[in-house]
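In the UniProt record's numbering, the protein residues as written are 1 to 497. In what follows, a single structure is set out as structure tokens and then discussed.
This is the structure:
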């Protein structure tokens, strides 16, 4: 009986081994299989670090059903297990595990653990671990490294890091054949050699600036060239090439490594030439940057270039000409027009037919005159000349509503009406003739009798007074002249003293 059982077990494993040798993979995925003694990989060209599938097949040629744990090993270390359940008689079942494959020589094995077999009657057939230990499948693999990922393993690749230098040359130069950039300075080894640099030193000239950042990597006295004029900054008198020497920039406070310190698009050199401040975008502080002022031909050092009362910025907002004080040529400065609320771009802002310069209300098409300058337009003002009489009263009295003193005698129309004189006639009293008082009508404190103020007596009195005054002067002068003529010389001299 024992001999029979041993023969059955032997037959099962021989069939399993035979299947490992003869059966190809049962698969749905299009793998390129390498089959050898019951173990194969999902890829033909294997390189270290890749994740592959390791396949095998379990075949049951002995028992009614077979269940087992399949253990995959690499160099005698388990790398994964999978379980098959109830493999029927003469059934083949493909199995696999995923494996991140390492570099080097690998001894791959597959073994069965924890086997459960049943005969035709459904009874368990016991198989010991010792009996299973002697059976399995083994395959050796070599896994190469592909440093430069060119699908050529390092053992066959003449330039493992693909840096343009062969491995043999790298050994001679002392560089690392597995590193494209031995000194890790950002330039691969072959390029450093072409440029005359040392591929084993990040800073070839030892000036403190690594080769990729060093404009002069083999000159320890130079490492920067800000203006790219091929003259190192240490030797260049004008590093930023803005026409201002570095020492001049230091005295001005500008940046010798910035062509335009204040970022107003004007170079520092141009600002100094123009007389603007190279440290301020807006030298005159008018809200318009210097570069725009130069483009507009305004004065970047004067906030109101045309002195019209509007700053250059306000002119830009108003769309007026910042270099012409009177944009619309109507005789008013732009600033005056804005203050008066008229349009500095139109000679007649309200289009009422009256030019802005003559219009007291240039933004009101219904008003243009303010005779008494009281801020109330004549069309709305009840007393246009502000003489105390309303326009309607002036029409009643026959006086001029646009003239405070219709007869021009120095007394307002309202005052004449109040005192009872005629505001349309200028009159002077006989008292005023002698007193030198030029005021008229009732402006004197002691008015003459009413009969004197009436014609024709008025004219008689006036001419009589004038004649009397003339005669008085004539006789007075004559008397003095005659008296002086009869005096002795000594008396005359005495009088003179």
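Beta carbons are placed, not taken as given, at the ideal position from N, Cα and C, and that holds for glycine.
Open item on the list: Let me check one thing: in DSSP terms, what residues is residue 87 bridge-paired to?
Closed with: 66
- [ ] For residue 181, I'd like the list of residues in its chain whose CB is within less than 7 Å of its CB, leaving aside the five on either flank, ordered along the chain.
- [x] 187, 188, 189
Open item on the list: For residue 164 and residue 200, which I take to be in contact (beta-carbon distance under 8 Å), what is that distance rounded to the nearest angstrom?
Closed with: The pair is not a contact, with the Cβ atoms about 16 Å apart (cut-off 8 Å).
TODO: Can you check the segment 131–161 for any beta strand (DSSP E) of at least 3 residues that lies completely inside it and give the ranges in chain order?
DONE: 137–143
Task: When 207, 157, 74 are compared against residue 98, the one with the closest alpha-carbon - done: 74
TODO: Check the C-beta distance from residue 210 over to residue 185 and give it rounded, since I have them as a contact under 8 Å.
DONE: 5 Å
TODO: Name the two residues that bound the continuous alpha helix (DSSP H) containing residue 190.
DONE: 189–194
Open item on the list: Do residue 259 and residue 246 have their beta-carbon atoms positioned less than 8 Å apart in this structure?
Closed with: no
Task: With 16 other Cβ atoms within 10 Å as the buried cut-off, status of residue 313 - done: buried
Task: residue 140 burial status per 10 Å Cβ neighbour count (16 or more: buried) - done: exposed
Task: Contact between the segment 53–67 and the segment 115–129 (3+ Cβ pairs under 8 Å) - done: yes
Open item on the list: For residue 79, count the other beta carbons within 10 Å of its own beta carbon; 16 or more makes it buried, fewer makes it exposed. Which is it?
Closed with: buried
TODO: Within the same chain, show all residues whose beta-carbon is closer than 6 Å to that of residue 22, passing over the 5 residues directly before and after it, in chain order.
DONE: At residue 22 the pLDDT is 37, less than 50, meaning the model places this residue with poor confidence; the figure from the coordinates comes in the next sentence. Taken in chain order, the list of residues that qualify is empty.
Task: Whole-angstrom distance between residue 297 and residue 195, CA atom to CA atom - done: 51 Å
Task: Close-in-space but distant-in-sequence residues of the same chain around residue 323 (CB under 7 Å, 5 per side omitted) - done: 297, 298, 305, 306
TODO: Within 10 angstroms of the Cβ of residue 221, are there 16 or more other Cβ atoms? Answer buried if so, exposed if not.
DONE: exposed
Open item on the list: Could you tell me the alpha carbon to alpha carbon distance between residue 361 and residue 368, rounded to whole angstroms?
Closed with: 5 Å
Task: For residue 52, the nearest candidate out of 238, 39, 138 (CA to CA) - done: 39
- [ ] Tell me whether residue 58 sits in a helix, a strand or coil according to DSSP, three-state version.
- [x] strand
Open item on the list: Which same chain residues end up closer than 6 Å to residue 413 when comparing Cβ atoms and leaving out the 5 residues on each side of it in sequence?
Closed with: 387, 389, 399, 406, 423
TODO: Answer yes or no: do residue 94 and residue 136 have a C-beta to C-beta separation smaller than 8 Å?
DONE: no
Task: The beta strand (DSSP E) enclosing residue 291, as first and last residue numbers - done: No beta strand (DSSP E) holds residue 291; the alpha helix (DSSP H) holding it covers 290–296.
Open item on the list: Please report the straight-line C-alpha distance between residue 393 and residue 418, rounded to a whole angstrom.
Closed with: 13 Å
Open item on the list: Once the 5 residues before and after residue 267 are set aside, which same chain residues still bring their CB inside 8 Å of it?
Closed with: 242, 243, 259, 260
Open item on the list: Please list the terminal residues of the continuous alpha helix (DSSP H) segment that includes residue 251.
Closed with: 246–252
Task: Exposure label - residue 96; buried when at least 16 CB within 10 Å - done: buried
- [ ] Determine the DSSP secondary structure at residue 303, reduced to helix, strand or coil.
- [x] coil
TODO: Note down the Cα distance separating residue 310 from residue 273, rounded to an integer number of angstroms.
DONE: 27 Å
Open item on the list: Using CA atoms only, rank isn't needed, just tell me which of 112, 233, 144, 124 is closest to residue 130.
Closed with: 112
TODO: Pull up the distance between the alpha-carbon of residue 403 and that of residue 385, whole angstroms please.
DONE: 5 Å
Open item on the list: At the level of alpha carbons, what is the spacing between residue 282 and residue 327?
Closed with: 24 Å
Open item on the list: Taking its Cβ as the centre, do 16 or more other Cβ atoms sit within 10 Å of residue 477, making it buried, or is it exposed?
Closed with: exposed
Open item on the list: Just list the residues that DSSP pairs residue 117 with in beta bridges.
Closed with: 66, 125
- [ ] Have a look at 332, 379, 147 and flag the residue whose alpha-carbon is nearest the alpha-carbon of residue 358.
- [x] 332
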